[in-house]
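Asks: If you scroll down you'll find the structure; I have some questions about it.
In our numbering, the protein residues as written are 1 to 352.
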């Protein structure tokens with residue numbers, strides 16, 4: 001009788017161990033084949049930089065023998081969730097996601113977890129996501145760089161701030177960086193923010209409307225800090241209607257070709273170069289490390305609201321008219337002939 005009870009106890013214990021280990025384990029690609037498939041869920045490809053990210057991620061993955069299955073949600077959270085379901089149904093080994101909505105994209109993480117798939121947040125953090133890794137730039141520093149250079153040029157005057165989308169956690173990080181620098185001047189009263197808006201889904205039309213409205217109201221504008229080059233471009237378009245382009249200092253970031261052209265032409269004070277090639281390499285290294293070794297070490301962490309997430313961080317680089325050649329051109333990010341396309345050749349760097 002005792003032997004029979006012991007056998008039953010051993011069987012039950014084994015079953016419990018199997019159940020718990022199955023529920024907590026991640027998919028190992030080696031279980032089925034040596035082919036590694038990375039699912040890539042993009043929130044949008046509207047901005048030039050995201051197109052570059054996809055190309056870089058594909059190239060870096062291919063160099064390490066992995067394949068990328070890619071989907072673009074076109075700034076629609078429901079589409080992103082549906083596309084993640086589709087990627088999971090195709091047997092991906094790991095998911096890299098650029099969240100369309102830093103809160104609602106949590107559902108995509110939960111879907112992946114339910115299938116035993118690890119998740120890497122790429123450049124946009126997901127609130128309370130407890131994802132396996134976050135790979136991004138120092139986005140607070142991006143905002144600080146932009147505001148620091150702006151106050152060095154315009155230490156007194158009226159500012160307009162055009163933030164990004166409230167569904168993107170980065171927008172709040174850029175804004176924190178802006179305010180880290182501006183707060184001192186705002187407190188002293190030397191700088192006044194005459195308008196501040198948040199661009200819905202990074203809609204550049206919001207920037208145009210904001211600046212146009214301020215100008216119609218007769219407000220004097222000395223500086224505009226815009227959360228990316230697309231928003232900066234629309235702000236400059238509005239200024240140009242009143243022949244103020246190049247007379248009002250404007251900051252943007254992402255180092256899009258149009259932004260760099262405006263910097264070269266003198267209508268935009270600065271942009272910020274974010275080395276996408278490095279970011280993509282870090283993301284693929286993390287993905288391959290997690291899949292092959294079950295871990296990837298990091299000495300940095302970022303809090304997603306509830307959890308501390310391992311963080312791979314790439315440093316951003318400020319780009320001004322004087323540093324275009326040494327930054328975006330020398331790195332190969334843009335070609336000299338593209339950046340200076342609208343400028344007479346005898347005025348190109350090295351032609352004087």
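All residues carry an ideal CB built from backbone N, CA and C; glycine is no exception.
Pull up the distance between the alpha-carbon of residue 73 and that of residue 148, whole angstroms please.
Replies: As a working note, residue 73 is residue 73 in the chain shown. As a working note, residue 148 is residue 148 in the chain shown. Whole-angstrom Cα-Cα distance: 34 Å.
Asks: Would you tell me roughly how many angstroms separate the C-alpha atoms of residue 109 and residue 285, rounded to the nearest one?
Replies: One-based indexing of the chain shown puts residue 109 at position 109. One-based indexing of the chain shown puts residue 285 at position 285. Each residue's Cα considered, the two are about 20 Å apart.
Asks: In terms of DSSP beta bridges, what is residue 313 paired with?
Replies: For this step, residue 313 is matched to residue 313 along the chain shown. Answer by DSSP bridge pairing, in chain order: 136.
Asks: Which first and last residues belong to the beta strand (DSSP E) in which residue 105 is found?
Replies: One-based indexing of the chain shown puts residue 105 at position 105. Counting along the chain, residue 105 falls outside any beta strand (DSSP E), and DSSP gives it neither H nor E.
Asks: Below 8 Å between beta carbons: does that hold for residue 327 and residue 339?
Replies: Within the chain shown, residue 327 is the residue found at index 327, counting from 1. Within the chain shown, residue 339 is the residue found at index 339, counting from 1. No, they are not a contact pair.
Asks: So what's residue 21 in DSSP terms, helix, strand or just coil?
Replies: Position 21 of the chain shown, counted from the first residue, corresponds to residue 21. Its pLDDT being 36, under 50, residue 21 is placed unreliably by the model, and the measurement read from it follows with that caveat. Three-state result, residue 21: helix.
Asks: Going by DSSP, what residue range makes up the alpha helix (DSSP H) through residue 69?
Replies: The sequence position of residue 69 within the chain shown is 69, counting from 1. Counting along the chain, residue 69 falls outside any alpha helix (DSSP H), though it belongs to the beta strand (DSSP E) covering 66-72.
Asks: DSSP has residue 42 in a bridge; who is on the other side?
Replies: Here residue 42 refers to the residue found at position 42 when the chain shown is read from its first residue. In DSSP, residue 42 forms a bridge with 72.
Asks: Helix, strand or coil: which one does DSSP assign to residue 96?
Replies: Taking the first residue of the chain shown as 1, we reach residue 96 at position 96. DSSP places residue 96 in strand when its eight states are reduced to three.
Asks: Once you ignore the five residues that flank residue 333 on each side, which residues in its own chain have a CB closer than 6 Å to its CB?
Replies: Start at 1 with the first residue of the chain shown, and residue 333 comes out as number 333. Result list for residue 333: empty, nothing under 6 Å.
Asks: Could you tell me if residue 295 is buried or exposed, where buried requires 16 or more neighbouring beta carbons within 10 angstroms of its beta carbon?
Replies: Along the chain shown, one-based indexing puts residue 295 at 295. Residue 295 should be labelled exposed.
Asks: Where does residue 47 sit, in a helix, a strand or coil, going by DSSP?
Replies: On the chain shown, position 47 is the one that residue 47 refers to. Looking at residue 47 - three-state DSSP - the assignment turns out to be coil, as it is neither helix nor strand.
Asks: Is residue 337 helix, strand or coil by DSSP?
Replies: As a working note, residue 337 is residue 337 in the chain shown. Residue 337 falls in the helix class under three-state DSSP.
Asks: Anyone know if the C-beta pair for residue 127 and residue 246 falls short of 8 Å?
Replies: Start at 1 with the first residue of the chain shown, and residue 127 comes out as number 127. Start at 1 with the first residue of the chain shown, and residue 246 comes out as number 246. Against a cut-off of 8 Å, the Cβ pair of residue 246 and residue 127 comes out as no contact.
Asks: Mind checking whether residue 314 and residue 275 have CB atoms under 8 Å apart?
Replies: Taking the first residue of the chain shown as position 1, residue 314 is located at position 314. Taking the first residue of the chain shown as position 1, residue 275 is located at position 275. Contact: yes.
Asks: Rounded to whole angstroms, what's the CA-CA distance from residue 233 to residue 258? Just pull it up for me.
Replies: Looking up residue 233 in the chain shown gives position 233. Looking up residue 258 in the chain shown gives position 258. If you take the alpha carbons of residue 233 and residue 258, they lie about 8 Å apart.
Asks: Just the C-alpha distance for residue 190 and residue 261, rounded to the nearest angstrom, thanks.
Replies: Here residue 190 refers to the residue found at position 190 of the chain shown. Here residue 261 refers to the residue found at position 261 of the chain shown. Cα to Cα, the separation comes out at about 31 Å.
Asks: Might you give, ordered along the chain, the residues of its own chain that have their beta carbon closer than 6 Å to the beta carbon of residue 348, omitting 5 neighbours on each side?
Replies: To locate residue 348, count along the chain shown from 1; it is residue 348. Same-chain partners within the cutoff: 340.
Asks: According to the Cβ coordinates, are residue 211 and residue 224 closer than 8 Å?
Replies: One-based indexing of the chain shown puts residue 211 at position 211. One-based indexing of the chain shown puts residue 224 at position 224. Their beta carbons are under 8 Å apart, which means residue 211 touches residue 224 by this criterion.
Asks: Rounded to a whole number of angstroms, what is the C-alpha to C-alpha distance between residue 267 and residue 312?
Replies: Numbered from 1 along the chain shown, position 267 holds the residue referred to as residue 267. Numbered from 1 along the chain shown, position 312 holds the residue referred to as residue 312. Going from the Cα of residue 267 to the Cα of residue 312 covers about 34 Å.
Asks: Quick check on DSSP: helix, strand or coil for residue 248?
Replies: Here residue 248 corresponds to residue number 248 of the chain shown, with the count starting at 1. Looking at residue 248 - three-state DSSP - the assignment turns out to be strand.
Asks: Out of 143, 118, 42, 58, which one is the CA nearest neighbour of residue 293?
Replies: On the chain shown, residue 293 is found 293 positions in, with the first residue counted as 1. Residue 118 is the option with its Cα nearest to residue 293.
Asks: If you compare alpha carbons, which of 116, 164, 281, 112 is closest to residue 47?
Replies: Working through the chain shown from its first residue, we reach residue 47 at position 47. For residue 47, the nearest C-alpha among the options comes from 164.
Asks: Comparing alpha-carbon positions, which option in 206, 114, 177 lies nearest residue 141?
Replies: In the chain shown, the residue the question calls residue 141 occupies position 141. Nearest C-alpha to residue 141: 177.
Asks: Among 277, 271, 300, which has the Cα closest to the Cα of residue 321?
Replies: Walking along the chain shown from the start, residue 321 turns up at place 321. For residue 321, the nearest C-alpha among the options comes from 271.
Asks: Quick one: Cα of residue 336 to Cα of residue 342, how far?
Replies: In the chain shown, counting from the first residue as 1, residue 336 sits at position 336. In the chain shown, counting from the first residue as 1, residue 342 sits at position 342. Looking at the two C-alpha atoms, the distance is approximately 11 Å.
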